[in-house]
Structure formats: structure tokens, C-alpha cells
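Peer 1:
This is the structure:
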């Protein structure tokens with residue numbers, strides 16, 4: 030078994046959609062980035078890559094490469110899961126913390142959990158989503174950014 034930890038932060042700007050764990054959330058601000066800036070998908074992908082010893086998303090999907098511009102976080106996560114599987118690993122569970130002052134995320138957590146579980150080939154109870162505010166402190170608390178941490182547990186895949 031192996032454990033991986035992932036993190037991502039993006040700043041909030043006007044004129045961009047807000048997408049978290051593949052869920053489009055109506056909000057006047059969205060996350061700025063080269064890709065869709067889905068901090069949840071990126072943090073989970075980084076956790077998977079780290080647990081399997083494959084580096085991080087910046088190595089595989091650099092923001093200096095135009096082919097990754099606008100990349101959907103779901104597509105990125107599917108590709109990472111394939112890379113991890115080729116190394117002989119499969120996810121057992123995933124725990125996520127989203128740090129966002131605004132918007133409130135409680136009504137979106139079930140859909141986020143379902144999206145991640147489906148992409149990772151897990152049961153919904155094997156994925157957990159927590160949402161925290163910044164308590165009005167720092168860039169998260171001032172609603173200038175959203176960040177995410179993710180932890181995944183991998184198990185050696187049984188050969189078919």
C-alpha cells in the first residue's frame with residue numbers, strides 16, 4: 030500500500046467558470062489557470078502521482094505546453110489513473126478538503142463525491158469531500174482563491 034498527498038490553489042477571477050471536482054458551480058468568479066483550474070481534480074491527480082512515484086502534474090501536464098490549455102480536470106484525472114494503473118496500482122480511497130470562503134459548497138459535495146468515485150472506480154463511500162472556509166483570514170478567507178488538499182491510498186493491483 031502507498032499513500033499520496035496532493036495540493037492545488039488557484040486564484041479567483043471574473044470571466045472564468047468555477048469548476049470543482051467536475052461540478053460547474055454558478056458563481057460570479059471562477060478559478061484562473063492554464064487548464065480548467067479544477068483544484069480538486071488537480072490535487073487528487075497529484076496525490077495519485079505521488080503515491081505511485083510518478084512525480085506531479087506539472088511534470089506530465091506543464092502549463093507551458095499549449096496542448097494542455099483548457100484541459101478538463103476529469104480528462105486529466107482519467108489519464109493519471111491510467112498511468113497509475115500501468116505502474117500496477119489502484120486507488121482504495123480518497124479524502125479531500127476544499128478551502129473556500131465563497132461559495133458555500135455543502136449542496137455540491139454529493140455530486141463532487143460521485144464524480145470522483147466514478148472516475149476513480151470507487152464506491153461513493155470510499156471518497157470523502159470536506160469543505161472549510163478561511164475564517165476571513167488570508168487569500169482563502171478574503172475569497173481571493175480556492176485551494177484543495179487530497180490524500181489517496183493505493184493498493185497493488187491484482188494482475189488480470
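Numbering (this note's numbering), first residue to last: 30 to 189. Don't be surprised by glycine CBs; every beta carbon is placed ideally from N, CA and C. If you're wondering where the values come from, they're calculated on a predicted model, not measured in any experiment.
(1) Would you report the Cα separation of residue 47 and residue 186, rounded to the nearest angstrom?
(2) Which partner residues of residue 38 appear in the DSSP bridge assignment?
(3) From which residue to which residue does the alpha helix (DSSP H) around residue 79 run?
(4) With DSSP run on the structure shown, which of helix, strand or coil describes residue 160?
(5) Please report how far the alpha carbon of residue 170 lies from the alpha carbon of residue 162, in whole angstroms.
(6) Just to confirm my understanding: we take residue 90, look at its own chain, exclude 5 residues before and 5 after, and list those with CB closer than 7 Å. What are they?
(7) Are there 16 or more other CB atoms within 10 angstroms of the CB of residue 130, so buried, or fewer, so exposed?
Peer 2: For this structure:
(1) Spanning the two alpha carbons is a distance of roughly 34 Å.
(2) 176, per the DSSP bridge assignment.
(3) 68-80
(4) strand
(5) 6 Å
(6) Around residue 90: 97, 100, 105.
(7) buried
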